[in-house]
Amino acid sequence: LLQLYVPLNALGFVYRNLRQSLIDLEQLFQLLDVAEDVRDPPGAVPLPLGPGRVRFADVSFAYDPRRPILRDISFEAAPGARVAIVGPSGAGKSTVARLLFRFYDAGEGRIEIDGADMRTVTQASVRAAIGVVPQDTVLFNDTIFYNIAYGRPDASRAEVEEAARLARLHDFIQRLPDGYETQVGERGLKLSGGEKQRVAIARVILKAPRILLFDEATSALDSNTEQEIQASLDQVAAGRTTIVIAHRLSTVIDADLILVLDGGRIVERGRHGELVALDGLYAEMWRRQSEAARLADQLARVGSAE
Ligand code: ATP
309 LLQLYVPLNA LGFVYRNLRQ SLIDLEQLFQ LLDVAEDVRD PPGAVPLPLG PGRVRFADVS
369 FAYDPRRPIL RDISFEAAPG ARVAIVGPSG AGKSTVARLL FRFYDAGEGR IEIDGADMRT
429 VTQASVRAAI GVVPQDTVLF NDTIFYNIAY GRPDASRAEV EEAARLARLH DFIQRLPDGY
489 ETQVGERGLK LSGGEKQRVA IARVILKAPR ILLFDEATSA LDSNTEQEIQ ASLDQVAAGR
549 TTIVIAHRLS TVIDADLILV LDGGRIVERG RHGELVALDG LYAEMWRRQS EAARLADQLA
609 RVGSAE
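According to full-length UniProt numbering, the sequence shown is numbered sequentially starting from 309.
Right, dumping it as structure tokens:
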């Protein structure tokens, strides 16, 4: 029993730690068959087919009952809309995403996808409906082909290449000596953070979910990489409801709805222009980020003049 217990315990530890972020949730659930907090209720049915409308209605949530985290979160993402969640570190952005992916059930209120209360449908069907592009994608020690096809294991070679093309990875892969057969991982090719995110985007393109959850990288990416990721994300987001946990405001300017979270509450909401005009928290974040970008730009120019 002890022998069994130790590795399971270790897996639980890994699982709990990884669950802090949105690191490849789907992989994690398949790799680690560990007990979850949330179980399907008796009589749970698959999520009905629908256009991908997401609704949070007066959702409150606490990991620990003594410390409320989210309070009265209400918003609606219309089918195909892009909703950005912004706010200071610890505001609760990832928690909103975790609830949508049903890591946890809302304490109070309802979360609906296409009108169905998440508590009444099977988790498997919720996770099939949502594609996640995490900040940090876990890659398998296998070929790059396998790593992309993971999004839909029965995908054909042509479909995998097409997904790679849309995610702007195809040319890069073609230039590798072993092409799609290149081994990646610990003893193979190491991919940069931006390349890994594009592998995740290619997987999501194959999965073709109705809802997309994008956890933008917090670490600074160079502006070329950022533009490449944004371009491939735009491809996959077209026609899908997209929820972005955004750290760089430059990526939310076009969002249909921006939710500004602070201390677990939505303190401001609207489009970019409206929020700048409001002259509150968002406007302040915008000013600070614009200033930082201007300074970085100046530094880069000084650097290149030397
Ligand atoms: P960041 O931008 O830094 O990622 P965030 O806005 O995504 O922050 P969350 O990760 O949602 O914030 O965390 C919100 C609050 O919930 C934080 O105070 C955090 O300490 C707490 N929290 C997060 N995960 C857990 C957990 N598993 N158990 C207990 N508290 C947690």
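Where a beta carbon is used, it is the ideal one built from N, C-alpha and C, also for glycine.
Predicted, not measured: the structure shown is a model, and the values here were computed from it.
Going by C-alpha positions, residue 511 is about 13 Å away from residue 464. In this structure, residue 360 sits near residue 519, with a CB-CB distance shorter than 9 Å. According to the DSSP assignment, residue 492 belongs to no beta strand (DSSP E), since it is labelled neither H nor E. Taking the CA atoms as reference points, residue 398 sits about 13 Å from residue 370. For residue 386 and residue 395, the gap between their C-alpha atoms comes out near 22 Å.
Contact between residue 563 and residue 390 holds, since their C-beta atoms are separated by about 5 Å, short of 8 Å. Shortest Cα-Cα distance from residue 506 to any of 490, 496 and 542 involves 542. Look at residue 547 here: in three-state DSSP terms it is coil, with no helix or strand label. The criterion of a C-beta distance shorter than 9 Å is satisfied by residue 493 and residue 447. Contact annotation, residue 535 with residue 559: C-beta distance approximately 10 Å; criterion of less than 8 Å not satisfied. By the C-beta density criterion, residue 498 is exposed, having fewer than 16 other C-beta atoms within 10 angstroms. Every residue whose Cβ sits closer than 5 Å to any heavy atom of the ligand ATP is listed here in chain order: 371, 377, 397, 398, 399, 400, 401, 402 and 403. Taking the Cα of residue 583 as reference, the smallest distance to any Cα among 568, 596 and 573 is reached at 568.
DSSP places residue 386 in the coil class of the three-state scheme, outside both helix and strand.
Residue 474 sits in a helix when the DSSP states are folded into three classes. For residue 433, the uninterrupted alpha helix (DSSP H) run begins and ends at 431 to 437, by DSSP. For the pair residue 442 and residue 523, the CB atoms are nearer than the 9 Å cut-off. Residue 434 sits close to residue 410, with the two beta carbons spaced by under 9 Å. Counting every other CB atom within 10 Å of its CB across the protein chains shown gives residue 561 a total below 16, marking it as exposed. Membership of residue 576 in the beta strand (DSSP E) is indicated by the continuous run 573 to 578. The secondary-structure analysis by DSSP pairs residue 428 with nothing; it has no beta-bridge partner. Taking 9 Å as the cut-off, the beta carbon of residue 573 is found closer than this to the beta carbon of residue 379.
Each residue's CA atom was taken as its position, placing residue 430 and residue 452 some 31 Å apart.
Bounds of any alpha helix (DSSP H) do not take in residue 347, whose DSSP letter is neither H nor E.
Runs of beta strand (DSSP E) with 3 or more residues, each lying fully within the stretch 505 to 543, are found at 519 to 523, listed in chain order.
Exposure of residue 353 is indicated by the presence of fewer than 16 other C-beta atoms within 10 angstroms of its C-beta.
When DSSP states are grouped into helix, strand and coil, residue 445 belongs to the coil group. If you draw a straight line from the Cα of residue 358 to the Cα of residue 588, it comes to about 36 Å.
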